[in-house]
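Residue numbers (this note's numbering): 1 to 164.
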Amino acid sequence: MSANLENRIQRMEDIEAIKQLIARYAKAADNNGDPKLMAACFAEDVVWYCKEVGTWDGRNTVVDGLRETCTVTIPWALHYMTQPIIDLTDDGQNATGEYYLWELAKITKEDGSGTEDTWIGGWYESQFRKENGTWLFSRIELNMKLMSGLSQPAWETPIPPWQG
């Protein structure tokens, strides 16, 4: 097999591995931010950022922050990660990716009286790094464009309750 063909196959395998990583991250979030599943997704120096949620630096801090968000603020969610566009660097050790988020969620009400069924939408802009043959997130930025309770008469992009 030619070196060019081998390189092309490796790039396709790397892109697929990154898509699988994105899916594992969504599954971890949907399992209330399961710490073991989450930790396996991140590089040690990962940064996680969302204007409406917060910023965390470092694997342990990100895992702890997501665990709290996925149990207290959003105790139930179903993430759909769609339309990924993955770009690998020439050396095949780093990549960037953009993909949409469509999420069904139960958001804890401000007064703590229960949860509200909520639509969440936006997109992720992420950076990935290959460490010891495994793709990991090195940076995640969530750009939320929609957070609207199902009871609202029209789509809204309100300030999330935890930002109130």
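Cβ atoms here follow ideal geometry from the backbone N, Cα and C, with glycine treated the same way.
Worksheet item: For R8, does the count of other Cβ atoms within 10 angstroms reach 16, so buried, or fall short, so exposed?
Response: R8 sits exposed, since fewer than 16 C-beta atoms from the chains shown fall within 10 Å of its C-beta.
Discussion item. Whole angstroms are fine: how far does the CA of L5 sit from the CA of P153?
Written reply: 54 Å
Worksheet item: When you compare each of D34, A43, Y99 to W76 by their alpha carbons, which one comes out closest?
Response: Closest option to W76, Cα to Cα, is D34.
Discussion item. Just to confirm, is the Cβ distance from V172 to S138 under 8 Å?
Written reply: This structure gives no information on residue 172, because the portion of the chain shown stretches from 1 to 164.
Practice prompt. Pull up the distance between the alpha-carbon of D117 and that of A23, whole angstroms please.
Written response: 23 Å
Discussion item. Per DSSP, what are the beta-bridge partners of W135 in this structure?
Written reply: K130
Discussion item. Could you compute how far the alpha carbon of K27 sits from the alpha carbon of H79?
Written reply: Approximately 8 Å, taken between the alpha carbons.
Worksheet item: Given that a residue counts as buried once 16 or more other Cβ atoms are within 10 Å of its Cβ, and exposed if not, what is E103?
Response: With 16 or more Cβ atoms within 10 Å of its Cβ, E103 is classed as buried.
Fill in: L101 and I15 closer than 8 Å at C-beta
no
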